[in-house]
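Taken in order, the first sequence gives residues 0 to 431; the numbers are from numbering that gives the first Met the number 0.
Data first, discussion second: the structure below is written as structure tokens.
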Amino acid sequence: MPAPVTTIAALSAHEGQLVTLRGWLYNSAGKGKILFIQLRDGSGIVQCVCNKAELGDELFEALKHLGQESSLIVEGTVRADTRSKLGFELHVSTARIVTPATGYPITPKEHGPAFLHDHRHLWVRSRRQAAILRVRHLAVQAIRNYFDGHGFTLFDAPIFTPNACEGTSTLFETDYFGRPAYLSQSGQLYGEAGAFALGKVYVFGPTFRAEKSGTRRHLTEFWMVEPEIAWAELEEIMDLAEDFLVECTGHVVEHGRGALQELERDISILENVRKPFPRMSYDDACKILAEIGHPVDPEDDFGSPHETELTKRYDRPIMVHRYPTAVKAFYMKEDPANPVRALGVDVLAPEGYGEIIGGGEREDRIDVLLRKIDEHKLPMSSFEWYLDLRRYGSVPHGGFGLGLERFVTWMCGIPHIRETVPFPRTIDRLTP
RNA sequence: UCCAAAGUAGCUCAAUGGUAGAGCAUCCGGCUGUUAACCGGAAUGUUGUAGGUUCGAGUCCUACCUUUGGAGCCA
């Protein structure tokens with residue numbers, strides 16, 4: 000009678016018992032008549048001890064010559080052992096080789112990023128990559144939990160869109176039965192329609208940007224969550240962004256401690272993400288930058304080196320609000336107290352991670368909106384449906400967009416965004 | 001799009017303008033406590049592509065391709 004199947008993550012509950020594990024050979028080390036196999040099953044890695052005298056010559060020799068990532072099923076006794084990182088190891092009584100593998104390209108030694116990304120379909124098997132993808136999963140879970148638990152309704156926006164949402168970014172054009180269609184660069188305008196229908200909604204889906212940005216903070220395809228709330232003004236949007244980030248960070252830390260430790264993340268920095276986040280106007284941020292020796296032209300948006308210098312001064316995310324209207328999207332509401340400033344807010348993550356959230360209050364007055372569409376030289380006909388939202392019972396409203404991968408990059412404390420998605424799409428990478 | 005750097009064995013990298021090298025991976029052998037094991041042996045090359053300079057080019061020059069980092073733009 001075969002021993003019951005379990006997983007490596009659940010091994011501690013089976014100490015002293017005979018169990019079956021199914022997995023892949025992560026690494027092995029022969030020592031004559033004893034063989035150590037590091038078995039990976041997706042839930043963890045455990046050392047399996049094989050003894051020649053107990054397994055017999057034929058099986059022992061077969062296991063000894065098994066290449067990295069060969070799949071196998073092992074049956075053995077779970078034993079506590081202080082020499083194992085896991086605290087347990089499996090003393091193998093028998094094994095079955097499912098599919099032997101030879102020449103697995105990703106070895107335990109170092110590799111360059113181009114090679115690893117060419118083998119992304121295999122690279123995701125490695126400990127570090129698996130840990131990052133677990134953090135991503137927890138981040139998505141936290142985001143859904145937060146909005147679902149705060150009265151928001153999921154409101155899906157289309158991915159094929161007839162025109163630019165903002166008119167600024169470059170879009171991916173596709174052939175839609177003979178006419179052009181564009182991959183969505185934001186679900187926000189549709190989210191606004193949802194907010195006037197359902198009160199509080201969130202759009203959560205993939206977003207596409209054809210900008211030729213080849214930096215460690217950019218993907219051409221990424222996931223964005225965009226809450227949108229009727230009756231909300233800028234202060235309420237900032238309160239929401241703050242509460243949301245505290246909750247999501249807390250969820251990742253609470254449930255992802257093991258993964259974060261695998262990534263050698265300094266968890267104390269994430270535990271520091273508590274209210275209140277420092278809030279400052281763009282003009283005040285410019286003053287601070289000037290004081291610390293990084294002056295900026297206040298009518299121009301500051302760049303990413305300035306952003307980094309600013310965030311270095313704080314131990315938690317900061318919120319910069321009221322940017323110059325001229326550099327912001329047409330739909331952003333002008334500050335009635337100072338029309339050259341817009342009621343927008345960026346949330347900048349600490350440790351140099353920078354902008355993870357952009358949002359604010361939307362222009363709710365149709366006459367101003369008509370003027371802004373004209374000023375931005377956008378095709379009025381494309382926005383007729385959007386203008387209808389102002390024609391039929393417009394109210395103050397707003398929201399923000401969080402870049403999922405940027406949030407995950409920060410949670411993991413890793414240098415590059417491309418490792419936070421299973422198959423990254425960047426300016427020069429479309430495969431695998 | 002702009003600026004900078006780099007392309008040599010399956011991988012990571014060496015090689016003063018003068019015979020193409022090492023470690024790892026692979027294959028063979030040895031070892032009863034390894035953790036990126038160790039020891040011995042074997043095999044591994046159109047030096048990104050196309051031109052050019054030179055007696056001679058991996059090395060110098062030009063163009064192109066690819067990759068990496070950064071800027072702008074953004075989440």
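In this text, a Cβ means the ideal position worked out from N, Cα and C, and glycines have one as well.
Quantities reported herein were computed from a predicted structural model and do not represent experimental measurements.
Check	Outcome
Delimiting residues of the beta strand (DSSP E) encompassing A229	E220 to A229
Closest Cα partner of G318 within the set D238, K376, L262 and I131	Note that residue 318 is Met in the sequence shown, not Gly. Residue D238 is the option with its Cα nearest to M318.
Whole-Å CB distance - V77 paired with V91, under 8 Å assumed	Not quite, the Cβ-Cβ distance comes to about 11 Å (not below 8 Å), so this is no contact.
Anticipated Cβ contact below 8 Å, G204 with D147, distance rounded	About 16 Å; that fails the 8 Å criterion.
Strand pairing of F171, partner residues [DSSP]	DSSP, once it has assigned bridges, lists no residue as partnering F171.
N-terminal and C-terminal residue of the alpha helix (DSSP H) that N144 is part of	R126 to D147
For V134 and V407, believed in contact at Cβ under 8 Å, the rounded distance	6 Å
Straight-line Cα distance separating K199 from R361	14 Å
Terminal residues of the alpha helix (DSSP H) in which K371 lies	I365 to E374
C-beta contact flag for A446 and E227 at 8 Å	Outside the displayed range of the chain (0 to 431) lies residue 446, so it cannot be described from this structure.
Nonlocal neighbours in the same chain, by C-beta distance under 6 Å from E418, ignoring five residues either side	I131
Alpha-carbon to alpha-carbon, R315 and V272	5 Å
Whether C47 touches E88 by CB criterion (8 Å)	yes
Any alpha helix (DSSP H) of 4 or more consecutive residues that is wholly inside the stretch 81-107	none
Proximity to V245 [Cα-Cα], best of C49, R21, V139 and K274	K274
N-terminal and C-terminal residue of the beta strand (DSSP E) that L401 is part of	H396 to G402
C-alpha gap between G213 and G400, whole angstroms	21 Å
Exposure of R39, with buried meaning 16 or more beta-carbon neighbours within 10 Å	buried
Contact the stretch 339-354 vs the stretch 366-382: 3+ CB pairs below 8 Å	no
Sequence-distant residues of the same chain with beta carbon closer than 8 Å to F329, five excluded per side	E165, G166, E362, L368, K371, I372, E374, H375 and L377
Rounded straight-line distance, which links the Cα of G43 to that of T6	8 Å
G41 (DSSP reduced to helix, strand or coil)	coil
Distance between E232 and D242 (C-alpha atoms, nearest Å)	16 Å
Sequence-distant residues of the same chain with beta carbon closer than 7 Å to I96, five excluded per side	A61, L65, S69 and L71
Nearest candidate by alpha-carbon position, reference S11, set S381, L85, H254 and C49	L85
Environment of T101 [buried if 16+ CB atoms lie within 10 Å]	exposed
Cα-Cα separation, G357 to G257	30 Å
Helix, strand or coil at R424 according to DSSP, with G and I counted as helix	coil
D296 versus E172 - alpha carbon distance	35 Å
T307 - DSSP class collapsed to helix/strand/coil	helix
Three-state secondary structure (DSSP) of L288	helix
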